[in-house]
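Numbering (our numbering), first residue to last: 222 to 375.
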């Protein structure tokens with residue numbers, strides 16, 4: 222078990238070959254995950270004293286004209302996955318994936334932390350193409366929705 226403090230979390234992740242660093246001004250750990258040849262920043266912070274929060278930001282901003290379609294797509298994705306967490310920040314125009322890991326007695330299980338990081342990476346890898354295409358206006362929600370329905374047909 223890792224103590225629910227940023228320093229021990231960073232130390233542990235370094236032993237697992239993650240290139241994690243401390244962002245001193247926010248007391249968050251961060252690393253860059255390579256997903257589909259792009260860098261996605263992942264921030265790790267203590268949340269509400271009993272949780273470890275993971276926030277993975279998509280590098281491409283959402284075009285303002287694509288906010289509605291992007292929100293609908295993220296809602297659809299969250300409905301279909303076991304660990305929903307795709308969100309968008311309209312104020313800053315970014316998509317992100319957020320999840321929380323509960324701490325037990327102020328500690329986080331090591332394998333659980335790595336599993337959650339890899340799950341964030343996998344989910345973003347799986348859905349990044351659709352999300353980025355809708356966020357940029359290359360595809361609209363209706364097209365993605367129809368393709369999804371077609372793919373589900375036997």
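Note that CB positions come from ideal geometry on N, CA and C, so glycine has one too.
Integer-rounded CB distance, given that residue j should sit under 8 Å from residue i
| i | j | result |
| --- | --- | --- |
| residue 350 | residue 316 | The pair is not a contact, with the Cβ atoms about 13 Å apart (cut-off 8 Å). |
| residue 342 | residue 223 | About 19 Å separates the two Cβ atoms, so there is no contact after all. |
| residue 277 | residue 345 | 6 Å |
| residue 356 | residue 283 | 4 Å |
| residue 254 | residue 365 | The Cβ separation is near 23 Å, so there is no contact. |
| residue 358 | residue 287 | 5 Å |
| residue 324 | residue 271 | 5 Å |
Cβ-based neighbour list, residue i, same chain, cut-off 7 Å, excluding 5 preceding and 5 following
| i | result |
| --- | --- |
| residue 267 | 225, 227 and 273 |
| residue 336 | none |
Member of the options whose CA lies at the smallest distance from the CA of residue i
| i | options | result |
| --- | --- | --- |
| residue 235 | 318, 278 and 331 | 331 |
| residue 241 | 258, 281, 338 and 283 | 338 |
| residue 373 | 355, 301, 318 and 253 | 301 |
| residue 303 | 340, 311, 323 and 288 | 340 |
| residue 260 | 279, 269, 310 and 363 | 279 |
| residue 310 | 335, 281 and 322 | 281 |
| residue 233 | 322, 361 and 334 | 334 |
| residue 269 | 322, 353 and 363 | 322 |
| residue 239 | 326, 262 and 247 | 262 |
Beta-carbon contacts of residue i that lie in its chain and below 8 Å, excluding the five residues immediately before and after
| i | result |
| --- | --- |
| residue 244 | 250, 251 and 264 |
| residue 348 | 298 and 307 |
| residue 285 | 314 |
Residue i (DSSP reduced to helix, strand or coil)
| i | result |
| --- | --- |
| residue 360 | coil |
| residue 224 | strand |
| residue 246 | coil |
| residue 375 | coil |
| residue 233 | helix |
Cβ neighbours of residue i in the same chain (closer than 6 Å, five flanking residues each side left out)
| i | result |
| --- | --- |
| residue 306 | 318, 319 and 320 |
| residue 353 | 281 |
Near the ligand NAP: residue i beta-carbon under 7 Å from a heavy atom
| i | result |
| --- | --- |
| residue 225 | Ligands displayed in this structure: none; no statement on the ligand NAP is therefore possible. |
Original post:
Along the chain, which unbroken stretches of the beta strand (DSSP E) at least 3 residues long are found entirely within the segment 271-349?
Top reply: 272-278, 307-310 and 315-323
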